[in-house]
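Everything on this sheet refers to the single structure shown next.
Number of protein chains: 2
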Amino acid sequence: MPQLRKDPVTKRWVITIHENPKGPRDFPVLPTDTNGHNCPFCPGHESQTPQEVMSYREPNTLPNQPGWRVRVVPNRYPALQIEGDLDRTGIGLYDMMNGIGAHEVIIETPDHHGGFDTMSRDQVLKIVTSYADRYRDLKRDRRFRYILIFKNSGAAAGASLDHPHSQLIATPIIPKRVMEEVEGAKQYFYYKERCVFCDVIRQELSSGSRIIHENENFVAFAPFASRFPFETWIAPKDHKASFGDIEEGELETFASALHGTLRKLIKTLNSPPFNFIIHTSPCDELCTDYYHWHLEIMPRLTKVAGFEWGSGFYVNPVPPEEAARHLLQSGVA
Amino acid sequence: MPQLRKDPVTKRWVITIHENPKGPRDFPVLPTDTNGHNCPFCPGHESQTPQEVMSYREPNTLPNQPGWRVRVVPNRYPALQIEGDLDRTGIGLYDMMNGIGAHEVIIETPDHHGGFDTMSRDQVLKIVTSYADRYRDLKRDRRFRYILIFKNSGAAAGASLDHPHSQLIATPIIPKRVMEEVEGAKQYFYYKERCVFCDVIRQELSSGSRIIHENENFVAFAPFASRFPFETWIAPKDHKASFGDIEEGELETFASALHGTLRKLIKTLNSPPFNFIIHTSPCDELCTDYYHWHLEIMPRLTKVAGFEWGSGFYVNPVPPEEAARHLLQSGVA
């Protein structure tokens, strides 16, 4: 069973893996370039993954058989384990608990070489709908306090398989970075009685210099204090704390915003490695008034080095106004 | 002039570079492999760097000429600029200030192919002595609130030149990660009336299972909640908040601990890319009772991906007890 260990100074949690731990010569971990031949995520290879949790499929096809359009399976090498109790223990001054949680893989398309730049908008809609379905289902498990949905695209962004996929991890504690955002938003709300994200969106729409994409419900922009070159956030224009509360019609405009924004980034930056992460309220939903869900996209163009690790300070060689200008000139609608 | 921009939610600061900003086709930035031929840090090429700030040299040699053993110069491409005023401005709800600070390069050895595994202990002593000298000098500038000393070794760890060097950045604000540590240590102190680092060191020495190196004044250990495989911290056994207060004799035992630990890591992991960072108290020294300076070494064996960015949670496939065991078996004294 993995362990959750807490740093006694910063209160940062770490998951340590104790089954078959890696040794000093197991690094660097090279990504498996299966080239579609023996890819566990390709149609026809369904038996190479754990049994599917859900799928969207063609009529009259069976679970764990070809015919799916999006397929969700448990991660074969989970960082957290779904079965067991959340035993908490102290070891002297240290705190730890069992690594209980969920770790799922969302296989985004049957096409091994597919990508957000080439797939249809309908496929993107299916992907974000699967995110919402899995989010709502896992939120009912009272052991989980946060549900993180994210994508690693490209080896430099941490992807270990090249078949397009995203991941979902449900954690038994609220992660530190999430708490920082929630606390920051709470302080602003107590001071101003307004949601800080709503104020940011209003200012971005009125200034216009960092806007990358806009539709009826969503806006994509380069944040004022972008940590990374071409960092882009997509947020609902209307206040909503939890991604799980996204409505039917909003799924379509969200898919459209995500599709349009990623196509601009992929074209302008020549298929860069990237991560995206959905930032949403913790499952307890105590922050409904002041938190505002959004998605953050981080192209991985620069290396994070000692200065960033030591300080939490980032050096960004592309001002966000420049990034937005380049993306708007990409010729992608 | 670089700008310091603050994220309104998380209060994280970012330095944006506005002079000659990079464009979408300037990535990835490839490290310059000079192979010693045209390296600006090699002896004889002193005119390729800004004028030196200090150096330790052979008798009867001149500044900015060969004959040095350690040489400190301003960074030619500084993230922060030494000259100017710290103007602060608001832009709507956003906050920013001028990017004032110091950014220096410590050239660790004249030997282009030198490294901590092959250099003498005396050379390591010269390096850490130069850190302390520069720290104390810059601390007198009242515009600076924190002095960060770090090393990026290897392209995957963010080094852009392969000649061995470390860096120093003095910042006009206390970085967020530093404040988190200071606040965590303060909370523990208020609760226990003891320094949390002193308690950690006591527990590590008594358990022994994560110890990697020990001498009269310093101990190196794999922290209980290691974020990265083979992460190693070196801390003074006696309570001391600021690296700047390190004494003459302690410089020798610190050099010895750093040398021994890095030699173990370099041998066991086959010359891995790594970062190290000195964590010290902010310049105001308000936390003398409860902060405890130390150095953190992070081999860069795994990729930080979406989960880590989104959560601040880390997944570590090598339990620290295993890491310590491998390092003790390295055969390095």
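Chains as they are written, first to last, in this note's numbering: chain A, 1 to 333; chain B, 1 to 333. C-beta: ideal position from N, C-alpha, C; glycine also.
One Cα belongs to A/C39, the other to A/G154, and the distance between them is close to 16 Å. Think of a sphere of 9 Å around the beta carbon of A/L269: the chain B residues whose beta carbon falls inside it are P24, R25, F27, in chain order. Taking 8 Å as the upper bound on Cβ-Cβ separation, chain A lies near residues Q203, S207, P223, F224, A225, S226, R227, P229 of the region 201-229 of chain B.
Counting of Cβ neighbours within 10 angstroms places B/H113 among the exposed residues, the total staying below 16. Contact check for B/T16 against A/N316 passes: the beta carbons are separated by less than 7 Å. Residue burial annotation: B/N275 is buried, with at least 16 other C-beta atoms found within 10 angstroms of its C-beta. Within the same chain, and ignoring the five residues on either side of B/K240 in sequence, the residues whose Cβ sits closer than 8 Å to its Cβ are I246, H292, W293. Using a CB distance cut-off of 7 Å, A/F307 counts as an interface residue toward chain B. DSSP, read as helix, strand or coil, puts A/G260 in helix.
Nearest to A/K139 by alpha-carbon distance, out of A/M298, A/G101, A/Q203, is A/G101. Considering only A/E52, A/Q48, A/R69, A/P50, the residue with the shortest C-alpha distance to A/P59 is A/R69. Sorting B/C283, B/P2, B/Y314, B/F116 by C-alpha distance to the C-alpha of B/G260 places B/F116 at the top. Counting along the chain, A/F41 sits inside no beta strand (DSSP E), nor does DSSP assign it H or E at all. Beta-bridge analysis with DSSP links B/S166 to B/I106.
Short of 6 Å from the beta carbon of B/S209, and not among the five residues preceding or following it, lie these beta carbons of its own chain, in chain order: E321. Annotation: A/Y135 is outside any beta strand (DSSP E); the continuous alpha helix (DSSP H) that includes it extends over 121-139. Looking at the backbone, the Cα of B/V128 and that of A/G92 are separated by about 33 Å.
The beta-carbon of B/P74 is placed no less than 7 Å from the nearest beta-carbon of chain A. The three-state reading of DSSP puts A/T118 in coil, since its state is none of H, G, I, E or B. Taking A/A170 as the centre and dropping the five residues before and after it, the same chain places the C-beta of G101, A102, L138, F144, I147 closer than 6 Å to its C-beta, in chain order. By the Cβ neighbour-count rule, A/P28 is exposed, with fewer than 16 other Cβ atoms within 10 Å of its own. For B/K186, no CB of chain A lies under 7 Å from its own CB, so it is not counted at the interface with that chain.
For B/W13, no alpha helix (DSSP H) segment is defined; the enclosing uninterrupted segment is the beta strand (DSSP E) at 13-16. Not a single CB atom of chain A sits nearer than 7 Å to the CB of B/S242. Residue pairing by DSSP places A/I100 opposite A/Q81 in a beta bridge. Look at B/Q3 here: in three-state DSSP terms it is strand. Distance from A/V182 to A/I201 at the Cβ level is roughly 18 Å; contact not present, criterion being Cβ atoms closer than 8 Å. For B/Y56, the enclosing beta strand (DSSP E) has its first and last residue at 54-57.
With contact defined as three or more Cβ pairs closer than 8 Å, the region 301-314 of chain A and the region 246-258 of chain A are not in contact.
Only those residues of the region 309-333 of chain B whose C-beta falls short of 7 Å from the nearest C-beta of chain A are listed: W309, G310, S311, G312, F313, Y314, V315, N316, P317, V318, P319, E322, H326. With the criterion set as a beta carbon lying under 8 Å from some beta carbon of chain B, the members of the region 170-194 of chain A are T171, P175, K176, R177, V178, E180, E181, G184, A185, Y188, in sequence order.
Per DSSP, the beta-bridge partners of A/S153 are A/F274. Below the 9 Å Cβ cutoff, chain B contributes no neighbours of A/K264, its closest Cβ being approximately 10 Å away.
For A/P66, same chain residues with a beta-carbon under 6 Å away, outside a window of 5 residues either side, are P43, G44 in chain order. For B/F221 and B/R177, the gap between their C-alpha atoms comes out near 21 Å. Scanning A/Q123, A/R227, A/D87, A/V14 for the CA closest to the CA of A/A79 turns up A/V14.
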